[in-house]
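Since the structure comes first, as structure tokens, the remarks are kept for the end.
Protein chains: 2
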Amino acid sequence: MTGFEIEKLLSVGADAVESVLSEYAAGDDEKFGVIYEAVRYSLLGGGKRLRPFIVLQFALLAAAESGADPERAYMAALPYASALEMIHTYSLIHDDLPCMDNDDLRRGKPTSHIKFGEANALLAGDALLTRSFGVAVSNAYASPETNCLAAALLSECAGMGGMIGGQVLDLIGESEHFDMETLERLQSLKTGELIRCAALLGCYAGGASEKMCEAAEKYAMGIGRAFQVIDDILDATGDEKLLGKPIGSDRESGKTTFLTFMTIDEARAYAAKLTEDAKTAVESFCGSEILCALADYLLTRKK
Amino acid sequence: MTGFEIEKLLSVGADAVESVLSEYAAGDDEKFGVIYEAVRYSLLGGGKRLRPFIVLQFALLAAAESGADPERAYMAALPYASALEMIHTYSLIHDDLPCMDNDDLRRGKPTSHIKFGEANALLAGDALLTRSFGVAVSNAYASPETNCLAAALLSECAGMGGMIGGQVLDLIGESEHFDMETLERLQSLKTGELIRCAALLGCYAGGASEKMCEAAEKYAMGIGRAFQVIDDILDATGDEKLLGKPIGSDRESGKTTFLTFMTIDEARAYAAKLTEDAKTAVESFCGSEILCALADYLLTRKK
């Protein structure tokens with residue numbers, strides 16, 4: 001499967017998720033409609049929808065393994081994929097706030113607080129996080145048991161022992177140099193946990209075996225780490241126009257990145273190794289070609 | 001039942017909830033323990049625990065009606081009560097932030113961002129909101145169906161169509177004068193929805209009838225509105241030491257409050273009327289004396 005083909009698939013997945021997200025973010029109010037507008041501004045019309053794609057692909061892989069109806073598994077995966085994307089989006093909005101990274105641009109557009117003011121951006125993030133759990137537990141294509149498991153997983157991966165823990169480490173890193181081990185930990189919490197969540201949510205939606213769940217976690221850990229290494233490389237060598245944000249910001253801020261510990265070539269080799277590990281974890285499952293192609297695609301991405 | 005007796009009961013309920021909350025907020029990390037500390041700082045050791053108390057009381061009332069085991073109903077209500085208190089606490093942390101109300105004091109203590117810095121306060125709020133849903137869906141004393149309903153209700157009441165909507169209205173009110181109708185709407189969203197949530201969560205935990213759920217919503221609406229009217233009166237006439245925050249802030253900021261539309265005596269009479277309505281809604285249920293006494297107690301509170 002070529003990079004072009006996986007890009008096509010990603011864009012089909014992104015469209016499906018976009019349309020579902022758009023329903024969840026619908027709403028208005030004569031008086032306080034700005035909050036709905038702010039939510040839609042950040043949630044819709046952008047992003048690779050990488051996490052939702054992973055949810056959907058693992059749901060199909062799990063259905064192929066368990067013999068479940070793939071269409072039903074896909075339908076069950078969609079609300080989970082949407083809930084996860086809402087959490088990812090809230091984290092970006094809050095991360096961009098002046099008290100955090102203080103970023104003015106995201107995906108080439110003004111960040112939420114630049115566009116709607118800090119208070120509305122804060123509340124838009126809160127609203128997305130709040131709604132995401134409502135979406136997960138109201139999934140009509142999965143059982144209440146599965147919905148509870150999915151929501152508990154979202155809470156765990158996005159919480160203090162997951163993404164938020166990573167964000168706190170990130171804050172500490174602004175005034176402290178990390179060793180490689182702490183950097184790996186930061187990244188596996190801040191980025192890796194939501195990718196692990198994506199893979200497992202797909203498994204839940206498709207009724208995966210214990211064995212597949214374990215493989216999914218290994219895959220997620222591999223591509224999650226590779227993703228971050230590539231992010232660091234792109235921040236140093238990428239194309240500002242493609243990225244939609246200024247490059248060189250990590251070096252300017254003196255942040256510890258993978259490039260603190262290795263050359264760009266070493267970092268590329270490290271990301272390639274992590275990608276191979278990810279592919280190895282899932283390749284024995286029938287239908288894993290797309291996930292393998294996705295891992296390769298992410299390794300060579302330019303944005 | 002006297003005010004003293006209800007105060008005793010509230011403090012017993014608060015202790016029970018405190019101990020459960022303390023378990024949920026346990027955790028540490030050598031590197032980023034500050035987030036756990038910040039969560040505990042705001043969550044533990046303070047507050048009337050009014051919302052949890054309402055959850056627990058409605059669970060007992062519902063059990064008395066449905067014939068469910070009251071101890072089991074109580075145990076099922078505790079996680080919901082805790083989840084709701086976490087959401088209430090997160091909303092206070094975010095509400096106090098510089099971009100929102102910019103408050104330095106809460107319950108007589110420095111607010112979270114004064115104590116831990118803005119970024120950690122933001123993340124502590126996010127962490128509480130995230131964990132609250134995990135707590136609700138992992139409630140071992142209720143069925144997955146009920147846990148899903150409870151989490152969906154929390155999401156609804158705390159979201160854009162509930163508390164967050166009220167907060168957005170509140171922001172708009174900083175630069176705009178509201179009429180009485182909009183003020184009532186603001187308050188019913190910002191404060192009322194979490195109190196309604198409390199009453200209904202208790203009903204869910206105790207297996208209440210449709211009829212009791214309706215009564216619970218009426219009760220919650222009555223005491224929620226009365227609560228806010230009393231808040232406005234206390235802000236104008238209260239004792240700073242008892243309240244743990246400066247008084248007169250509403251007048252200074254030119255905010256629209258119930259005292260914009262009525263005298264203090266009229267506001268007291270209005271709160272009394274709302275309290276009577278609340279009591280009337282539940283008094284036909286066997287065991288509603290405590291909820292009625294609570295309504296009276298809130299009407300005469302000094303803090």
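Sequence lines, in order, name chains W and B.
Residue numbering for the first sequence follows the working numbering, beginning at 1 and increasing consecutively.
Residue numbering for the second sequence follows the working numbering, beginning at 1 and increasing consecutively.
Heads up, the beta-carbon is just placed ideally off N, CA and C, and yes, glycines get one too.
Model, not experiment: these values are computed from the prediction.
Does the distance from the CB of alanine 77 of chain W to the CB of alanine 208 of chain W come in under 8 angstroms?
Residue mapping note: residue 77 of chain W aligns to position 77 of the first sequence, counting from 1. Residue mapping note: residue 208 of chain W aligns to position 208 of the first sequence, counting from 1. Not in contact: alanine 77 of chain W and alanine 208 of chain W (Cβ atoms no closer than 8 angstroms).
State yes or no: is the beta carbon of proline 110 of chain B nearer than 8 angstroms to at least one beta carbon in chain W?
Along the second sequence, read from residue 1 onward, the residue named residue 110 of chain B stands at position 110. No, its Cβ sits nowhere closer than 8 angstroms to a Cβ of chain W.
Of all Cβ atoms in chain W, is any one closer than 8 angstroms to the Cβ of phenylalanine 32 of chain B?
For the purposes of this step, residue 32 of chain B is identified with residue 32 of the second sequence, where counting begins at 1. It does: the Cβ of phenylalanine 32 of chain B has a partner Cβ on chain W nearer than 8 angstroms.
Going by C-alpha to C-alpha distance, which of B:Glu18, B:Ser249, B:Leu291, B:Gly3 sits closest to serine 42 of chain B?
On the second sequence, residue 42 of chain B is found 42 positions in, with the first residue counted as 1. Out of B:Glu18, B:Ser249, B:Leu291, B:Gly3, B:Glu18 has the C-alpha closest to the C-alpha of serine 42 of chain B.
Residues of chain W with CB under 8 angstroms from glycine 3 of chain B, in chain order?
Within the second sequence, residue 3 of chain B is the residue found at index 3, counting from 1. Near glycine 3 of chain B there are no residues of chain W at all, since even the closest Cβ is about 35 angstroms away, more than 8 angstroms.
Checking contacts by CB at 8 angstroms: is glycine 27 of chain W closer than that to chain B?
As a working mapping, residue 27 of chain W is identified with position 27 in the first sequence. Yes, its Cβ sits closer than 8 angstroms to a Cβ of chain B.
CB-CB under 6 angstroms to tyrosine 297 of chain W, same chain, minus the five flanking residues each way: which ones, in chain order?
The count along the first sequence starts at 1 and reaches residue 297 of chain W at position 297. These residues qualify, in order along the chain: Gly3, Ile6.
Which of the three DSSP states, helix, strand or coil, is assigned to arginine 106 of chain B?
On the second sequence, residue 106 of chain B is found 106 positions in, with the first residue counted as 1. Note: arginine 106 of chain B maps to strand in three-state DSSP.
Could you give the DSSP three-state label for serine 288 of chain W: helix, strand or coil?
Taking the first sequence and counting its residues from 1, one reaches residue 288 of chain W at position 288. In this structure, serine 288 of chain W counts as coil in the three-state DSSP scheme.
What would DSSP say about serine 175 of chain B, mapped onto helix, strand or coil?
Here the question's residue 175 of chain B lines up with position 175 in the second sequence. Looking at serine 175 of chain B - three-state DSSP - the assignment turns out to be coil, as it is neither helix nor strand.
Can you check whether the CB of aspartate 96 of chain B is closer than 8 angstroms to the CB of histidine 113 of chain B?
Against the second sequence, residue 113 of chain B aligns to sequence position 113. Against the second sequence, residue 96 of chain B aligns to sequence position 96. Cβ atoms of histidine 113 of chain B and aspartate 96 of chain B: closer than 8 angstroms.
With distances taken from CA atoms, which of W:Gly117, W:Ala59, W:Val39, W:Ala271 is nearest serine 91 of chain W?
Counting from one through the first sequence, the residue named residue 91 of chain W turns up at place 91. Considering only alpha carbons, the answer is W:Val39.
Go to aspartate 239 of chain B, then tell me how far its alpha helix (DSSP H) extends in each direction, as first and last residue.
To locate residue 239 of chain B, count along the second sequence from 1; it is residue 239. Where aspartate 239 of chain B is concerned, there is no enclosing alpha helix (DSSP H), given that its DSSP letter is neither H nor E.
Spatial neighbours of lysine 218 of chain W within its chain, please: C-beta separation below 6 angstroms, excluding the five flanking residues on both sides.
Walking along the first sequence from the start, residue 218 of chain W turns up at place 218. Correct list, in chain order: Ala281.
Chain-ordered chain B contacts of alanine 152 of chain W [CB-CB under 7 angstroms]
By one-based count along the first sequence, residue 152 of chain W stands at place 152. Those are Gly134, Val137, Ser138, listed as they occur along chain B.
Can you tell me which of the three DSSP states aspartate 170 of chain B falls into?
Stepping through the second sequence from its first residue, residue 170 of chain B is reached at position 170. Aspartate 170 of chain B falls in the helix class under three-state DSSP.
Exposed or buried, which one is aspartate 101 of chain B when buried takes at least 16 other CB atoms within 10 Å?
Against the second sequence, residue 101 of chain B aligns to sequence position 101. Aspartate 101 of chain B is buried by the Cβ-count criterion.
Using a 10 Å radius around the Cβ and a threshold of 16 neighbouring Cβ atoms, would you call glutamate 266 of chain W buried or exposed?
Here residue 266 of chain W is taken as the residue at index 266 of the first sequence, counted from 1. Burial call: exposed.
Measuring only between beta-carbons, confirm whether tyrosine 80 of chain B sits less than 8 angstroms from chain W.
Walking along the second sequence from the start, residue 80 of chain B turns up at place 80. No, no contact with chain W.
Partner residues on chain W for serine 155 of chain B, Cβ-Cβ distance less than 7 angstroms:
Within the second sequence, residue 155 of chain B is the residue found at index 155, counting from 1. Chain W residues near serine 155 of chain B: Thr130, Arg131, Phe133, Gly134.
Short-range partners of chain W found in the segment 273 to 299 of chain B, where Cβ spacing is below 7 angstroms:
none
Where are the alpha helix (DSSP H) runs, 4 residues long or more, that stay fully inside the segment 60 to 119 of chain W, in chain order?
70 to 96, 112 to 116
I need the DSSP call for methionine 160 of chain B, collapsed to helix, strand or coil.
Reading the second sequence from its first residue, position 160 is the one you call residue 160 of chain B. Correct three-state label for methionine 160 of chain B: coil.
Hey, out of B:Leu84, B:Ile233, B:Ile247, whose CA is closest to leucine 129 of chain B's CA?
Sequence index remark: in the second sequence, residue 129 of chain B carries index 129 (1-based). Here the closest residue by C-alpha is B:Leu84.
Taking the straight line between their C-alpha atoms, what separation do you get for leucine 291 of chain W and isoleucine 54 of chain W?
Counting from 1 along the first sequence, the entry for residue 291 of chain W is found at position 291. Counting from 1 along the first sequence, the entry for residue 54 of chain W is found at position 54. Leucine 291 of chain W and isoleucine 54 of chain W: Cα-Cα distance of roughly 8 angstroms.
Between the segment 183 to 203 of chain B and the segment 250 to 264 of chain B, are three or more C-beta pairs nearer than 8 angstroms?
yes
On the premise that cysteine 203 of chain B lies in contact with cysteine 157 of chain B, defined as a C-beta separation below 8 angstroms, what is that separation, rounded to the nearest angstrom?
Position 157 of the second sequence, counted from the first residue, corresponds to residue 157 of chain B. Position 203 of the second sequence, counted from the first residue, corresponds to residue 203 of chain B. Going by Cβ atoms, the distance from cysteine 157 of chain B to cysteine 203 of chain B rounds to 13 angstroms, so no, they are not a contact pair.
Does the Cβ-Cβ distance between glycine 192 of chain B and arginine 225 of chain B come in under 8 angstroms?
Here residue 192 of chain B is taken as the residue at index 192 of the second sequence, counted from 1. Here residue 225 of chain B is taken as the residue at index 225 of the second sequence, counted from 1. Yes.
Consider the Cβ of threonine 182 of chain W: report whether some Cβ of chain B lies at a distance smaller than 8 angstroms.
Indexing the first sequence from 1 puts residue 182 of chain W at position 182. It does: the Cβ of threonine 182 of chain W has a partner Cβ on chain B nearer than 8 angstroms.
Determine the burial state of alanine 152 of chain W: buried for a count of at least 16 other Cβ atoms within 10 Å of its Cβ, exposed for fewer.
For the purposes of this step, residue 152 of chain W is identified with residue 152 of the first sequence, where counting begins at 1. Looking at its Cβ environment, which holds 16 or more other Cβ atoms inside 10 Å, alanine 152 of chain W is buried.
Quick one: Cα of glutamate 65 of chain W to Cα of cysteine 286 of chain W, how far?
What you label residue 65 of chain W is simply residue 65 of the first sequence in a count that begins at 1. What you label residue 286 of chain W is simply residue 286 of the first sequence in a count that begins at 1. One C-alpha to the other measures close to 7 angstroms.
On the criterion of 16 or more Cβ atoms from any shown chain inside 10 Å, does serine 288 of chain W qualify as buried, or is it exposed?
Counting from one through the first sequence, the residue named residue 288 of chain W turns up at place 288. Buried is the call here.
Could you work out which residues of chain B lie near valine 168 of chain W, taking near to mean beta carbons separated by less than 8 angstroms?
The residue labelled residue 168 of chain W in the question sits at position 168 within the first sequence. The contacting residues are Phe32, Val34, Ile35, Asn120, Leu123.
Alpha carbon to alpha carbon, what distance is there between leucine 201 of chain B and alanine 278 of chain W?
The residue labelled residue 278 of chain W in the question sits at position 278 within the first sequence. The residue labelled residue 201 of chain B in the question sits at position 201 within the second sequence. Going from the Cα of alanine 278 of chain W to the Cα of leucine 201 of chain B covers about 43 angstroms.
For asparagine 139 of chain B, does the three-state DSSP call read helix, strand or coil?
In the second sequence, the residue the question calls residue 139 of chain B occupies position 139. Looking at asparagine 139 of chain B - three-state DSSP - the assignment turns out to be coil, as it is neither helix nor strand.
Taking 6 angstroms as the limit between beta carbons, can you name the residues of its chain near phenylalanine 58 of chain W, skipping five residues before and five after?
Position 58 of the first sequence, counted from the first residue, corresponds to residue 58 of chain W. Counting only Cβ-Cβ distances below 6 angstroms, and skipping sequence neighbours, we find Ala199, Gly202, Cys203, Ala216.
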